[in-house]
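Position one of the sequence shown corresponds to residue 2 (our numbering), numbered consecutively onward.
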Amino acid sequence: MRFARIRTASSSERRRKDRPLAPKRDRVREPVIRLRKQNLSIYDISRALEESGQRLSPAAVSLILKQKGFARLPRRRDEECPQAARPEIAAAADVRQLALAPRRFRTRFGGLFLFLPTLAAIPFDQLLEEIGFPGSQRVPPGQAMRALLALKLFGNARHSHVMSHVFDAGLVLFAGLNVTPKRAFLTEYSTRIDPRCHPRLMQRWFDAVGTLGLERGVSFDLDFHTIPYHGDDALVEKHYVSKRSRRQKGMLAFLAQDADTRVFCYANGQLRKSAQNDEILRFVQFWQAPTGHLPEELVFDSKLTTYANLNRLNALGVAFITLRRAPRRCSRRSPRCHSRLGGGSS
């Protein structure tokens with residue numbers, strides 16, 4: 002005995018069959034087909050319908066044309082497309098087009114011009130050219146670096162946020178260009194800088210700032226900072242990220258900050274795990290070279306270096322204070338725990 006299987010329509014299929022057609026789309030079906038025969042794209046058709054009082058999205062226009070068997074239009078050049086409002090081509094950054102005629106304008110970046118006398122006294126542009134920073138006739142290295150520096154001096158914005166301020170005349174004038182370089186240029190420029198230029202710039206900058214009479218402190222805060230890396234490069238090492246309390250791929254940077262003036266006086270962003278313990282000794286050598294004396298006091302985390310390097314600092318006569326977190330069972334009022342919190346040696 003054979004049994005025949007009878008398939009009944011599901012409730013969803015019955016609802017789909019009883020669903021009425023879209024009346025809005027049906028009313029404009031014929032105008033859409035007529036406009037497509039005039040070789041108009043779905044965006045041109047949507048714009049033409051809106052001008053006639055019938056609004057229909059480009060996606061809905063594409064669906065109607067697909068149902069009628071129309072193929073997609075090939076990519077066309079601008080002169081082949083219908084005349085319509087198009088975005089204007091922005092001017093390219095070019096220092097030769099900079100206009101210095103007297104004028105008035107409103108800007109959010111007025112405070113940046115307080116740094117210009119210091120940059121001119123260094124001199125900043127000549128320093129970058131002598132070190133070998135990349136540049137061109139249109140955008141010399143001084144102008145490119147000032148465009149990057151302006152965002153950091155104004156706040157903590159990254160160069161990817163420059164698109165919000167490209168029309169600010171004050172930012173343009175501070176960079177010394179006719180227009181502000183766009184995000185693509187700033188991103189590319191930061192990758193074009195030879196890593197060997199960074200230590201030379203740091204040394205030359207240190208010497209130049211010293212001639213301006215700026216005071217230098219005697220105590221320095223040292224620490225590592227991990228810059229997270231979200232790519233797929235297998236050669237990038239994992240380092241501890243304190244904000245996330247975990248280890249992840251990133252670039253390890255060593256920073257030295259003057260505790261009195263709050264100025265960063267040393268940095269190295271090319272560290273590997275095998276060399277991170279000795280970076281504190283390299284900072285001591287860096288400070289001794291231009292000043293002629295060793296740093297008087299160093300403050301850093303207890304895990305920043307090894308006991309062998311602490312012994313070397315002690316032999317050199319460099320005072321240091323190591324910091325570490327006290328255990329929960331330890332009372333902060335206890336003298337024994339107080340020595341643990343500030344386990345200093347000199």
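Idealized CB from N, CA, C, for every residue including glycine. On a predicted model such as this, the values are computed, not experimentally measured, just so you know.
Legend entry - Cβ-Cβ distance between F301 and L223 below 9 Å: yes
Legend entry - Terminal residues of the beta strand (DSSP E) in which P83 lies: First-last for P83: undefined, no H or E at that position.
Legend entry - Per-residue burial, L215 [other beta carbons within 10 Å of its own, 16 or more giving buried]: exposed
Inset, instruction - Work out the CA separation of Q204 and L282 for me, nearest whole Å. - result: About 16 Å.
Inset, instruction - Go to A268, then tell me how far its beta strand (DSSP E) extends in each direction, as first and last residue. - result: F265 to L272
Legend entry - Chain-order list of residues whose beta-carbon lies under 6 Å from that of N269 (same chain, five-residue window excluded): Only F255 meet the Cβ criterion.
Legend entry - Cα-Cα separation between I46 and D79, rounded to whole angstroms: Roughly 17 Å between the two C-alpha positions.
Legend entry - For V242: DSSP bridge partner residues: Note: V242 sits in a beta bridge opposite R247.
Inset, instruction - Name the two residues that bound the continuous alpha helix (DSSP H) containing E298. - result: Membership of E298 in any alpha helix (DSSP H) is not indicated; the residue belongs instead to the beta strand (DSSP E) covering E298 to D302.
Legend entry - P229, enclosing beta strand (DSSP E) - first and last residue: S220 to P229
Inset, instruction - Check whether the region 163-176 touches the region 90-110, counting contact only when three or more Cβ pairs, one atom from each stretch, lie closer than 8 Å. - result: Cβ pair count under 8 Å is three or more, so yes.
Inset, instruction - Please name the residue, chosen from L324, E298 and R325, that lies closest to L314 on a Cα-to-Cα basis. - result: Comparing alpha-carbon positions, the option among L324, E298 and R325 lying closest to L314 turns out to be E298.
Legend entry - Among L324, Q286 and S63, the one whose alpha carbon lies nearest that of L317: Q286
Legend entry - Given 8 Å, three or more beta-carbon pairs between the region 118-132 and the region 178-186: These segments do not touch.
Legend entry - Run of the alpha helix (DSSP H) containing I132, from where it starts to where it stops: F125 to I132
Inset, instruction - Decide if E52 is buried, meaning its Cβ has at least 16 other Cβ atoms within 10 Å, or exposed. - result: Within a 10 Å sphere around the beta-carbon of E52 sit fewer than 16 other beta-carbons, which makes this residue exposed.
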